[in-house]
Structure formats: C-alpha cells, structure tokens
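Heads up, the thing below is written out as structure tokens.
Encoded structure:
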C-alpha cells in the first residue's frame with residue numbers, strides 16, 4: 001500500500017510540476033530609440049515569463065544594433081527588467097567604453113508600448129543616457145535620447161495595426177507606406193517585411209517594396225498562408 005501511495009504521490013507531484021513550468025513570451029522592438037546625436041539604436045528582444053506571472057520574467061535580445069559598436073551580442077552585458085534596459089561591455093578596455101541605460105516611464109506590459117524617460121534634471125543629467133567612447137564616429141560621445149519606446153511586436157506578420165487580424169485595414173497602411181512613401185514605424189516595418197515567400201514561408205529580407213505589398217495582398221485574399 002505504501003509503495004502504491006508513494007507512486008501516486010510522485011505522479012501527482014510530477015504532473016503538478018509540469019503544469020507549473022509552462023511559460024509565455026512577448027517579443028518587443030526598440031521603437032524609434034533616437035540618440036541626441038540623431039543616430040538610432042535598433043533591436044528586438046523576447047520577454048519570457050511563467051504563465052500568469054509576467055513580472056517575474058526575463059529578457060533576451062535576438063537582434064541589436066548600436067551605432068558605432070555594431071551588432072555583437074556576445075560582447076555585451078545586457079540587463080532587462082520591467083523599468084529599464086542596460087548595456088555595457090563585458091571586457092575592460094583601455095581605449096573603449098560603452099554604457100547605455102534606457103529607462104521607462106511605465107513598466108513593460110504584454111500588450112502596450114512603454115515610453116522611454118528622455119528627461120533631464122536641473123543639472124543636465126539624462127534619465128536615459130549613453131556613453132560611447134573609442135568607436136568609429138565617436139571620439140567621446142555622452143548624451144541622452146530624443147525619443148523612444150519599447151513596443152510589443154504583433155504575433156502575426158502582416159498585422160500592421162496590431163489588432164491580431166490581417167485584413168484590408170492592414171493593406172491600406174501598407175499601401176500608404178509603399179506607394180505614398182509614408183515612413184513606417186519600427187513595428188509596421190517588422191510586420192510588413194513579409195517577402196519573399198520561400199517554400200511557403202515568409203522570409204523577411206529587411207527591405208520594404210512592392211513585393212511585400214503584393215504578398216500581403218495575396219495573404220488577405222487567401223491565396224497564400226504564412
């Protein structure tokens with residue numbers, strides 16, 4: 001009886017542990033994060049959290065470009081929490097430094113953008129700031145930001161208005177971007193970059209053109225599925 005009870009207890013605990021190990025995730029983009037030198041930091045990261053416990057998640061960048069530094073994620077210490085993102089060099093270098101802090105006015109949320117705090121105090125100190133020294137184009141650059149937000153990415157390519165549907169409303173936005181040369185937001189660029197279609201899969205190429213508009217039209221008409 002004892003052995004059967006122990007086996008049953010183990011099974012229950014095992015099932016319970018599996019049910020409690022489920023995780024959800026949200027992808028975010030650095031949206032219009034413009035430095036006071038007019039250059040833009042771009043990137044995408046994923047916030048992964050236990051189901052129902054968004055606040056206790058953790059973030060990992062999959063893509064990042066810092067003007068002057070480049071895109072080498074392996075060379076950086078990156079800290080992401082609900083109210084800030086920080087970047088620094090892993091190595092101690094005599095001739096180079098990199099320290100960037102992005103502070104948010106509102107904490108990360110799974111469905112809404114969080115605007116960066118770009119304010120300055122009475123002494124001129126920036127809430128969000130960068131310190132880049134020794135890189136191409138930077139003999140010694142310290143400054144803040146003129147704009148920026150952290151925005152959830154749509155879960156579907158082609159969803160330009162982030163309403164979880166792909167329809168004519170998205171096509172209208174796409175036409176304004178491709179035909180009328182309206183500048184897309186970072187989120188719209190991500191959602192509209194659907195072409196080319198390779199082996200039935202959307203393969204974004206980092207360029208927006210008529211091919212993306214045509215493929216999105218075919219998606220809305222039900223001619224392709226990706």
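In full-length UniProt numbering, the protein residues as written are 1 to 226. Idealized CB from N, CA, C, for every residue including glycine.
Check, Outcome
"Which two residues bound the contiguous alpha helix (DSSP H) that contains residue 129?", "Note, residue 129: premise wrong, no alpha helix (DSSP H); beta strand (DSSP E) at 129-133."
"Where residue 49 and residue 107 are concerned, what is the direct C-alpha to C-alpha distance, given to the nearest angstrom?", "15 Å"
"Less than 8 Å separating the beta-carbons of residue 104 and residue 83?", "yes"
"According to DSSP, simplified to helix, strand and coil, what is residue 75?", "helix"
"CB residue 42 to CB residue 65, shorter than 8 Å?", "yes"
"Shortest alpha-carbon distance to residue 85 belongs to which of 117, 95, 112 and 67?", "117"
"According to the neighbour-count rule (16 or more other Cβ atoms, all chains shown, within 10 Å of its Cβ), is residue 159 buried or exposed?", "buried"
"Tell me, please, which residues DSSP counts as bridged to residue 61.", "45"
"CA-CA distance, residue 215 and residue 184?", "18 Å"
"Helix, strand or coil for residue 94, going by three-state DSSP, please let me know.", "coil"
"Should residue 111 be labelled buried (16 or more other beta-carbon atoms within 10 Å of its own) or exposed?", "exposed"
"Can you tell me whether residue 114 is buried or exposed, with buried defined as 16 or more other CB within 10 angstroms of its CB?", "buried"
"Based on Cα-Cα distance, which residue from 220, 101 and 132 lies nearest to residue 169?", "220"
"Given this structure, state the Cα-to-Cα distance separating residue 188 from residue 203, to the nearest angstrom.", "16 Å"
"With which residues is residue 273 paired in a DSSP beta bridge?", "Residue 273 is absent from the model: the chain starts at 1 and stops at 226."
"Considering Cα atoms alone, identify which of 192, 24, 199 and 226 is closest to residue 237.", "No answer is possible for residue 237: the residues shown for the chain start at 1 and end at 226."
"I want to know whether the stretch 132-152 touches the stretch 30-42 - three or more CB-CB distances under 8 Å.", "yes"
"Is the beta carbon of residue 164 less than 8 Å from the beta carbon of residue 131?", "no"
"Distance, Cα to Cα, residue 45 vs residue 208?", "22 Å"
"Indicate the three-state DSSP secondary structure (helix, strand or coil) for residue 126 in the structure shown.", "strand"
"Just reading off the alpha helix (DSSP H) that residue 217 is part of, what are its end residues?", "210-220"
"Which same chain residues end up closer than 6 Å to residue 142 when comparing Cβ atoms and leaving out the 5 residues on each side of it in sequence?", "131"
"For residue 38, which of 87, 52, 67 and 88 has the nearest alpha-carbon?", "67"
"Rounded to a whole number of angstroms, what is the C-alpha to C-alpha distance between residue 70 and residue 28?", "20 Å"
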